[in-house]
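Chains as they are written, first to last, in the working numbering: chain A, 384 to 775; chain B, 384 to 775.
Written out below as structure tokens is the structure these notes cover.
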């Protein structure tokens, strides 16, 4: 029932009639519809008529290859990504993506993007990221035997700096404004395959959201139904769009009868998708204020997030660091320690205070080990404690 | 096919004819056979005749409740523990236990041990641990709504100190030699349920290995056969014994025809099970030298590890920090970043250099984020890098 990829071609999200071959992946956005202000991403089109619907009768589990007909070719070997648990959490369900190979959702994207690098015959992969995305790309490149360059910034947490360097990639901390010109130079001159964004509004890797859509398949199998609403931490909205696309495919294939509302939970320090939706723009760029939620702190939004919120009847929700800290505490006090950015989904649900006609899923994206400040505190030793010192 | 627990009673590992009711769990070892030098643990006996063998036809996945007939009662709610991937890795398979709720194998034990605390009506749980075990106990206690006291030492890595405190437990760093008397006092005076060891040689919680035995069930389902050999990082050998017990149950139930050889991979800085096996003792205590593998660095061994190695036809293998570092690097360079202690299984396999008649599994227990030194290094920023600075 699973088998070869049924991916047919790339299609512009700026003009659905503009189609391109599946390879090479158009990592600089749609060449036909992008302008100096707005870049439109590409989407992947499949031969849906050939999909065996028994694909959705299997048990969810690790390794995205179980969904191979509905993914681009998976040339890169698995690290056992996906198949993460859905944990009941009061009135919602938490999809714990910290349970991936590098302890964030990014592994789903990188299995697919590093596969594209291999299928393209690239001599390596390059990524500009100071956190989860960079480490995950490094891990999948290492697994596939490809060199990787990670353009990091100096301000990620010390433990994350070690994480980025663990997998043997060439990791270089460079000043923030130099990362994207360097990325472009590495792509142009070394032929490395880029797995992060290169455009004025976000387009990223055209295959990236394909990895994330497997979350929708898993949620359907885990719940036994389609959730009424999904709240996701949103930076560039690749996760948001990917999950939305997965549910639209289940609907298109006749497996399900409805689709969920998608809530883009963005930091109040930025919020480019909220701005684009409010202004009726296909995508937007915003000024970014201070925030500790560095995993979702981007000034650059993309068209994918706008499409997912608009077409699903959802909303963009802005959450403050204080609201994320509350959500982080709520999760940790029930046994789930998440990175601050990873709690934006629950924080958005708590802020919205809305009832839904069916299950609600909050996606939690990443382990608490990756937070700013982790490892920075020191705790005193009690030399001669009494029982009173120990009672909670 | 799964259903209520078929656990019947506790049985002494010092005298198989000495049986005790299932509750209370005898957390201070067998009262009949233990001496001042050797403490014997209890084991859990089940009504195996009532087990539906279709239990072993299900897909492996998160939540130990899928194995409920063969576990003590699971009163504590799940965090989605278990169902970790088995990653092909050259000539071996790596069972990646960093994919549990608190990113180590300990979650399997704590689901079961915190359940015992709830079933016993204890007002809280107490644990002496500076690392994975303490954080995992804190997480499961939090999830179950029970207070937890963690008696930590001051020398665990800073990021792990934050991890221990994330779940809202009362965490107190106390001098090493005071931890066990305090633990005993908290048990005796507050009635807290202990989830770590209290005896002269290790006995630990009698239900602990029951959680670990689910790894054996998963390995059988993931491989489609019984491995020829299993290499586990070994401190107290609860993991080693648990996996062995799971395979003996599969054999006893007629599901499988053979059992694997079990290899106890211990730090060369200590190695109490290696010593006991060499000396023909039921358990041993050793002097502990310096090692960075703090997760497996114990001077106190237990009878369980001796039984697992002896009855399986396995061996104890001592590995140096240098050998673990090599194994850690080998794993990370293929996309799996493990805590140093967590690589002892692979390090043991590499040291032994032996061929086996069937698949070999190395259990990797924990995320690299928990290592000593993580977050302690600083990396320079390249202000004006050229392409030559970036090429791997």
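Glycine is no exception: its CB is placed at the ideal position from the N, C-alpha and C atoms.
Of all C-beta pairs linking the segment 419 to 438 of chain B to the segment 558 to 577 of chain B, fewer than three are shorter than 8 Å, placing the two stretches out of contact. A check of alpha carbon separations from residue 698 of chain B across B:690, B:704 and B:705 identifies B:690 as the nearest. Within the same chain, Cβ atoms closer than 7 Å to the Cβ of residue 695 of chain A are found at 627, 642, 643, 644 and 645, the five residues on either side in sequence being excluded. Around the CB of residue 433 of chain A, fewer than 16 other CB atoms lie within 10 Å, so the residue is classed as exposed.
At a cut-off of 8 Å between beta-carbon atoms, residue 556 of chain B makes contact with chain A. Inclusion of residue 465 of chain B and residue 631 of chain B in the CB contact set at 8 Å is not warranted, their separation being larger than that value. Following the DSSP letters along the chain, one finds residue 772 of chain A inside the alpha helix (DSSP H) bounded by residues 770 to 773. Listed in chain order, the non-local C-beta contacts of residue 574 of chain B below 7 Å within the same chain comprise 505 and 506, local neighbours out to five positions each way being set aside. Closer than 8 Å to the CB of residue 583 of chain B there is not a single CB belonging to chain A. Put simply, of B:524, B:619 and B:747 the residue whose alpha carbon is nearest the alpha carbon of residue 500 of chain B is B:524.
Residue ranges of uninterrupted beta strand (DSSP E) with 3 or more members, entirely inside the segment 671 to 745 of chain A and ordered along the chain, are 698 to 702. For residue 569 of chain B, the nearest beta carbon of chain A is closer than 8 Å to its own beta carbon. Of all alpha-carbon atoms in B:435, B:529, B:528 and B:497, the one lying nearest the alpha-carbon of residue 637 of chain B is that of B:435. Taken in chain order, the unbroken stretches of alpha helix (DSSP H) that lie wholly in the segment 638 to 675 of chain B and span 4 residues or more are 655 to 662. Contact annotation, residue 540 of chain B with residue 757 of chain B: C-beta distance approximately 6 Å; criterion of less than 8 Å satisfied. Interface with chain B (8 Å Cβ-Cβ cutoff): residue 448 of chain A is excluded.
If you look at residue 498 of chain B, you'll find it in the alpha helix (DSSP H) that goes 489 to 502.
Contact with chain A is absent for residue 439 of chain B, since none of that chain's Cβ atoms lies less than 8 Å from the residue's Cβ.
Sequence-distant Cβ neighbours of residue 639 of chain A in its own chain, meaning closer than 6 Å and more than five residues away, are 609 and 633. Identification of chain A residues near residue 523 of chain B by a Cβ-Cβ cut-off of 8 Å yields 718, ordered along the chain.
Separation of residue 401 of chain A and residue 425 of chain A (C-alpha to C-alpha, rounded to the nearest whole angstrom) is 10 Å. The straight-line gap separating the alpha-carbon atoms of residue 651 of chain B and residue 701 of chain B is approximately 5 Å. Excluding its 5 nearest sequence neighbours in each direction, residue 451 of chain B has C-beta neighbours in its own chain below 8 Å: 385, 386, 387, 388 and 457, listed in chain order.
Within the same chain, Cβ atoms closer than 7 Å to the Cβ of residue 734 of chain B are found at 700, 702 and 706, the five residues on either side in sequence being excluded. Cβ neighbours of residue 635 of chain B within its own chain (closer than 8 Å, five residues either side excluded): 431. In this structure, B:620 is the residue among B:620, B:649, B:674 and B:715 with its C-alpha nearest to the C-alpha of residue 687 of chain B.
In this structure the segment 545 to 557 of chain B touches the segment 509 to 524 of chain B; the number of beta carbon pairs closer than 8 Å is three or more. Under the DSSP assignment, residue 635 of chain A falls in the alpha helix (DSSP H) whose first and last residues are 621 to 635.
Straight-line measurement puts the Cα of residue 604 of chain A at about 15 Å from the Cα of residue 611 of chain A. Taking the Cα positions, residue 647 of chain B is about 55 Å away from residue 583 of chain A. Assigned with DSSP and collapsed to three states, residue 600 of chain A falls in helix. A residue is called buried when at least 16 other Cβ atoms come within 10 angstroms of its Cβ; residue 399 of chain B does not meet this threshold and is exposed.
Exclusion of the five residues before and after residue 614 of chain A leaves 646, 648, 728, 731, 732 and 745 as the residues of its chain whose Cβ lies within less than 6 Å of its Cβ.
When C-beta distances to chain A are compared with 9 Å, the residues of the segment 747 to 764 of chain B below that value are 750, 751, 752, 753, 754, 756, 757, 758, 759, 760, 761, 762, 763 and 764, in chain order. DSSP, read as helix, strand or coil, puts residue 476 of chain B in strand. Classified as exposed, residue 766 of chain B has fewer than 16 neighbouring CB atoms from the shown chains inside 10 Å of its CB.
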